[in-house]
């Protein structure tokens, strides 16, 4: 199904949790701008939640420092399946100016599987909204796979 | 025993309360049944979220308890509190002595005033 069709009626409101894995906070400020009245991502039913246990989407900012590696992994594993990971910002996508720094374990895709990359330093809220919207397709694909797998087990 | 109580603003009786309880329970259980069941039990998905940190066995050093709101109050009264604690030696004769001394002081004050 096309993205536009999915966004007409979302099968589920996306609940998003964030993890700052060593970001300068620039991307996090843009994420806050995304949920503020000007961009208002909650009109799509998407909202930030305070715990990964309620979330469908993990938004990761920052290039993953050594200290944050275990924490990022733990947060990722605490999200129920199906889940998607959206990396916001150049640091998380490639390490950017911190690439191959002594204190980095990242970028993010070295630690956890990433579904959507949103580039920018920091990316604009429109780009973050587009990234999360693309995550809808991935999430629904994974949900169907899980349902099919569960049906296969019962047969 | 099961009569209706009229308060002037409404009424209360056992059957109405039970009916309300049943209806409220039905909706509470219905909402609960809509919750997520797809998490994996016995894994990290089943653990407490502690900002990504491992859940500490003793979280006293890294948490701020509600009692911390009274920190200033307790600090200001600490000298008086310490003195009171010092009085509580746990020896019965001490308590009897305090009782006699305080009774004598009160009697003396009553006579003087």
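Residue numbers (the numbering used here), protein chains in the order written: chain L, 38 to 192; chain Y, 124 to 236.
The beta carbon of each residue, even a glycine, is placed where N, CA and C say it ideally should be.
Test: residue 108 of chain L CB closer than 7 angstroms to a CB of chain Y: Locating residue 108 of chain L in the first chain gives position 71, where the first residue counts as 1. Answer yes: the Cβ-Cβ gap between residue 108 of chain L and chain Y drops below 7 angstroms somewhere.
Helix or strand or just coil, what does DSSP make of residue 172 of chain Y? Against the second chain, residue 172 of chain Y aligns to sequence position 49. The answer is coil: DSSP assigns residue 172 of chain Y none of H, G, I, E or B.
Less than 6 angstroms between C-beta atoms, sequence neighbours within five positions excluded: which residues of the same chain meet that for residue 136 of chain L? Sequence index remark: in the first chain, residue 136 of chain L carries index 99 (1-based). If we look at residue 136 of chain L and ignore the five residues flanking it on each side, it has no Cβ neighbours.
Could you check how far apart the C-beta atoms of residue 114 of chain L and residue 166 of chain Y are, in whole angstroms? I think they sit under 8 angstroms. Here residue 114 of chain L refers to the residue found at position 77 when the first chain is read from its first residue. Here residue 166 of chain Y refers to the residue found at position 43 when the second chain is read from its first residue. Yes, they are in contact, since the Cβ atoms of residue 114 of chain L and residue 166 of chain Y sit about 7 angstroms apart, within 8 angstroms.
Name, please, each residue of chain Y whose Cβ falls closer than 7 angstroms to the Cβ of residue 112 of chain L. What you label residue 112 of chain L is simply residue 75 of the first chain in a count that begins at 1. For residue 112 of chain L, the C-beta contacts it makes with chain Y under 7 angstroms involve 175, in order along the chain.
Note the first and the last residue of the continuous beta strand (DSSP E) segment covering residue 186 of chain Y. If you number the second chain from 1, residue 186 of chain Y lands on position 63. Counting along the chain, residue 186 of chain Y falls outside any beta strand (DSSP E), and DSSP gives it neither H nor E.
Sorted by chain position, which residues of the same chain lie with C-beta nearer than 8 angstroms to residue 136 of chain Y's C-beta, five sequence neighbours on each side aside? As a first step, residue 136 of chain Y is located in the second chain; it is residue number 13 there, counting from the start. 125, 126, 127, 128.
Assign residue 64 of chain L to one of three DSSP states: helix, strand, or coil. As a first step, residue 64 of chain L is located in the first chain; it is residue number 27 there, counting from the start. Residue state, collapsed to three classes: helix.
For residue 90 of chain L, would you say it is in contact with chain Y, using Cβ-to-Cβ distances shorter than 7 angstroms as the test? Working through the first chain from its first residue, we reach residue 90 of chain L at position 53. So, interface residue.
Mapping the DSSP letters down to three states, classify residue 141 of chain L as helix, strand or coil. Taking the first residue of the first chain as position 1, residue 141 of chain L is located at position 104. The three-state reading of DSSP puts residue 141 of chain L in strand, counting E and B together.
Option nearest residue 50 of chain L by Cα separation, candidates L:176, L:147, L:82, L:63: Within the first chain, the letter at position 13 stands for residue 50 of chain L. Comparing Cα-Cα distances from residue 50 of chain L to each of L:176, L:147, L:82, L:63, the minimum goes to L:82.
Under 8 angstroms from the C-beta of residue 115 of chain L: neighbouring residues of chain Y: Here the question's residue 115 of chain L lines up with position 78 in the first chain. Result: 167, 168, 170, 172.
Of all the residues that make up the segment 56-71 of chain L, which are near chain Y by a beta-carbon distance shorter than 8 angstroms? 56
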